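Worksheet: one structure, shown below.
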Amino acid sequence: MCGIVGLFLKKEDLRPRLGDMLADMLITMSDRGPDSAGIAIYGDQGDGHKITVQSDTPDTAFDGLDTALGDRLGAPVKMKTNDTHAVLTVPAEALEATGAFLEARGLRIMGVGEAMEIYKETGLPRDVATRFGLRAMGGSHGIGHTRMATESAVTTLGAHPFSTDADQCLVHNGSLSNHNTMRRVLAQKGFAPKTENDTEVAACYISFRIAEGANLGEALSGTLEDLDGFFTFVMGTKTGFGVVRDPIACKPAVMAETDDYVAFGSEYRAFAGLPGIDSARVWEPEPATVYFWER
3 MCGIVGLFLK KEDLRPRLGD MLADMLITMS DRGPDSAGIA IYGDQGDGHK
53 ITVQSDTPDT AFDGLDTALG DRLGAPVKMK TNDTHAVLTV PAEALEATGA
103 FLEARGLRIM GVGEAMEIYK ETGLPRDVAT RFGLRAMGGS HGIGHTRMAT
153 ESAVTTLGAH PFSTDADQCL VHNGSLSNHN TMRRVLAQKG FAPKTENDTE
203 VAACYISFRI AEGANLGEAL SGTLEDLDGF FTFVMGTKTG FGVVRDPIAC
253 KPAVMAETDD YVAFGSEYRA FAGLPGIDSA RVWEPEPATV YFWER
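Numbering (the working numbering), first residue to last: 3 to 297.
Structure (structure tokens):
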């Protein structure tokens, strides 16, 4: 049992409030997942690509990291630190060299993208939201997850969202039964999962389908044919987010839409603090049906 939330803003004037609204939604789902929590925020694009990294020893790991990386790349590197995470902005052509440099230093890469930043840690959702200052974050859309571990250990790497390609990430409630088989298939396709978590297998699958030319809707539809088990998936991309439930749809899900936003939650109470929720169109996503919104 885990909790999922998602929020896609239609109005520009709500962008500064994205993190505040997502924080309330995430915290409301705490009893569905007290082990760890994470969020992906899609904010402003800068010059280059943003790489979010995590360290258990941030004081030493991040000290001078931007200077050392800049010297290695021969290009300026911007860095902002946020508790156990740091976001580095590097030229697009330097992504491969940057990844090798960071991994050699023992840093964990949480995600890469022009707009996406990912923050996740173990602990209660309220504490995770507070330590990263989620309420102060702005952006166009975001997704979040509260985890109750069933398939793997309670670790930072086991927390959601999982990102397996640029500006793409996935949160999941459920359990996949064929993840070991798919793990081998995806590794042969160049999308090898790095953790034992079955959700990362699903994220790799969707990223693989998109890399092959599918749009978000087509990639999510493919999960209904190729992934076995119980699942509700919410996938974030640079331009939007999508939702799909397995054909049995035993994992709870509800959506709400107004002229200002589209929201997703594992339960309706996640929407309680959203503006205009009393007049929103609210519905339960149908089984084996893909919903997605893009700008």
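Virtual Cβ for every residue (Gly too), placed ideally from N, Cα, C. Computed from a prediction, not measured in an experiment: that's the story for all the values here.
Q) By DSSP, does H162 sit in helix, in strand, or in coil? A) Here H162 sits in coil by DSSP.
Q: Could you check which residue in R107, L172 and N180 has the C-alpha nearest to that of H147?
A: L172
Q) If we count Cβ pairs, one from each stretch, closer than 8 Å, do we get three or more for the region 185-196 versus the region 133-149? A) The region 185-196 vs the region 133-149: no contact.
Q) Helix or strand or just coil, what does DSSP make of F193? A) If DSSP states are grouped into helix, strand and coil, F193 belongs with coil.
Q. Based on the DSSP secondary-structure assignment, which residues constitute the bridge partners of H174?
A. F235
Q. Under a three-way DSSP split, which group does T62 fall into?
A. T62: helix per DSSP, three-state reduction.
Q) From this set, P18, F294 and M27, which residue's C-alpha is nearest G5's C-alpha? A) M27
**Q.** Environment of E214 [buried if 16+ CB atoms lie within 10 Å]
**A.** exposed
Q) Using a Cβ-Cβ cut-off of 7 Å (strictly less than) and excluding sequence neighbours within five positions of Q47, which residues of its own chain qualify? A) E116 and A117
Q | Residue of T158, Y44, D22 and L67 minimising C-alpha distance to R297 | A | Y44
(Q) Considering only the alpha carbon of each residue, which of K122, S177 and L218 lies closest to V203? (A) S177
Q.
Considering only the alpha carbon of each residue, which of T239, F164, D280 and A168 lies closest to L9?
A. T239
Q. Going by beta carbon distance, what residues of the same chain come within less than 6 Å of D299, once the five residues before and after it are set aside?
A. Residue 299 cannot be examined here, being either before or after the span of the chain that is shown, 3 to 297.
Q) Cα separation between G35 and G76? A) The straight-line gap separating the alpha-carbon atoms of G35 and G76 is approximately 43 Å.
Q: On the DSSP bridge assignment, give the partners of L9 in chain order.
A: DSSP, once it has assigned bridges, lists G144 and A265 as partnering L9.
**Q.** Enclosing beta strand (DSSP E) for S38 [first to last residue]
**A.** S38 to Y44
Q: Report the rounded CA-to-CA distance for A274 versus P78, giving the unit in angstroms.
A: 44 Å
Q: Give a yes or no on contact between the region 220-232 and the region 155-166, applying the rule of three or more CB pairs nearer than 8 Å.
A: no
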